[in-house]
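This report refers to the structure that appears directly beneath it.
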Amino acid sequence: ETGVTQTPRHLVMGMTNKKSLKCEQHLGHNAMYWYKQSAKKPLELMFVYNFKEQTENNSVPSRFSPECPNSSHLFLHLHTLQPEDSALYLCASSQVIGGGLNEQYFGPGTRLTVT
Amino acid sequence: AQTVTQSQPEMSVQEAETVTLSCTYDTSESNYYLFWYKQPPSRQMILVIRQEAYKQQNATENRFSVNFQKAAKSFSLKISDSQLGDTAMYFCAFMRDFGNEKLTFGTGTRLTIIP
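Chains as they are written, first to last, in this note's numbering: chain A, 1046 to 1160; chain B, 18 to 132.
Structural data, given as structure tokens:
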């Protein structure tokens, strides 16, 4: 596997279900991100982890719970979601260093449908 | 807060022609970075080109070039000799400065290259 991978690629869940999205980066990066992509809306940054520590929570509802056990893996735990949470969830990673520009590399996304 | 505006939801152009996608942004920062990302249908988002605000010279990457007008806060993308593989969603994005890993995206332009 190369780059940033995400599983599953598609997920359909009911509002009472609990599921998790997984992201893995194979680039040796130390920062990881969750974004939400909804139709006709800008990508929304949800969470940022630098060196496994959460550095950004962009006012995300508590029904979304991130977990970063190490710098290569990122999870998004989902519970009691709402239909408006249906979207493409993108994971990204980058190498955070002092100075210089750090390109973010994106995964293919998980298409989530909440019924 | 920064905002990014892409005023062209959809565009189409004949293969081999040149197309320009527009992007404007609003910020009070003096140093920042601008990006164009490409998201092909059902494929991963990839970085096309980036521009550092302190550089006056416009960035170029093969057939892709930008017209960066800092005073006007404009950052357009020109694709020359367009190819069928250029069909994708194109997102303009803003990053305040290095060390701040937050990307602010526009709503995107869906570009279709017609054979």
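Note that beta-carbon positions come from the ideal geometry of N, C-alpha and C, so glycine has one too.
From a predicted model like this one, the values you see are computed outputs, not experimental measurements.
Can you check DSSP and say which residues form a bridge with residue i?
| i | result |
| --- | --- |
| B:Thr-129 | B:Ser-29 |
| A:Pro-1111 | A:Leu-1121 |
| B:Arg-67 | B:Phe-52 |
| B:Ala-105 | B:Leu-128 |
| B:Thr-121 | B:Phe-111 |
| B:Ser-78 | The identity of residue 78 of chain B in the sequence shown is Glu, whereas the question assumes Ser. Paired residue(s): B:Phe-81. |
| A:Asn-1102 | A:Phe-1092 |
| A:Glu-1129 | For A:Glu-1129, which the question treats as bridged, DSSP gives no partner whatsoever. |
By the three-class DSSP mapping on this structure, what secondary structure does residue i have?
| i | result |
| --- | --- |
| B:Asp-43 | strand |
| A:Glu-1148 | coil |
| B:Glu-34 | coil |
| B:Gln-100 | coil |
Can you list the residues of chain B that residue i reaches, using a CB-CB cut of under 7 Å?
| i | result |
| --- | --- |
| A:Gly-1152 | Gln-61 |
| A:Gln-1149 | Leu-120 |
Taking only the alpha-carbon atoms, compute the straight-line gap between residue i and residue j and give it to the nearest angstrom.
| i | j | result |
| --- | --- | --- |
| B:Phe-92 | B:Gly-123 | 12 Å |
| B:Gln-23 | B:Arg-127 | 11 Å |
| A:Asp-1130 | A:Met-1058 | 11 Å |
| A:Glu-1098 | A:Glu-1089 | 20 Å |
| B:Pro-132 | B:Glu-34 | 11 Å |
| A:Val-1141 | A:Met-1077 | 10 Å |
| B:Leu-101 | B:Glu-32 | 7 Å |
| B:Ser-45 | A:Thr-1061 | 44 Å |
| B:Val-21 | B:Ser-39 | 11 Å |
| B:Gly-125 | B:Gln-56 | 10 Å |
| B:Gln-74 | A:Lys-1063 | 50 Å |
| A:Pro-1128 | B:Asn-79 | 42 Å |
| A:Ser-1138 | A:Val-1105 | 19 Å |
| B:Gln-19 | B:Glu-118 | 13 Å |
Residues of chain A with CB under 9 Å from residue i, in chain order?
| i | result |
| --- | --- |
| B:Phe-108 | Pro-1087, Leu-1088 |
What whole-angstrom Cβ distance do residue i and residue j have, given they're in contact under 8 Å?
| i | j | result |
| --- | --- | --- |
| A:Gln-1082 | A:Leu-1121 | At roughly 13 Å, the Cβ-Cβ gap does not stay under 8 Å, so A:Gln-1082 and A:Leu-1121 are not in contact. |
| B:Thr-37 | B:Lys-95 | 5 Å |
| B:Met-106 | A:Phe-1151 | Not quite, the Cβ-Cβ distance comes to about 12 Å (not below 8 Å), so this is no contact. |
| B:Glu-98 | B:Tyr-49 | According to the sequence shown, residue 98 of chain B is Asp rather than Glu. Not confirmed; about 30 Å, so no contact. |
| A:Asn-1075 | A:Asn-1095 | 7 Å |
When you measure from the CB of residue i to every non-hydrogen atom of the ligand ATP, does any distance come out below 7 Å?
| i | result |
| --- | --- |
| B:Tyr-71 | What this structure holds is no ligand at all, so the ligand ATP is not there to describe. |
Note down, in chain order, every chain A residue with its Cβ under 8 Å from the Cβ of residue i.
| i | result |
| --- | --- |
| B:Thr-124 | Lys-1085, Lys-1086, Pro-1087 |
Name the chain B residues whose beta carbon is nearer than 9 Å to that of residue i?
| i | result |
| --- | --- |
| A:Glu-1101 | Glu-118, Lys-119 |
| A:Val-1093 | Glu-118, Lys-119 |
Find the residues of chain A that neighbour residue i, judging by a C-beta separation of less than 7 Å, and give them in chain order.
| i | result |
| --- | --- |
| B:Leu-51 | In chain order: nothing, as chain A lies at least about 11 Å away. |
| B:Leu-64 | Glu-1148 |
Counting only Cβ pairs nearer than 8 Å, list the residues of chain B close to residue i.
| i | result |
| --- | --- |
| A:Ala-1076 | Glu-118 |
| A:Leu-1135 | Met-62 |
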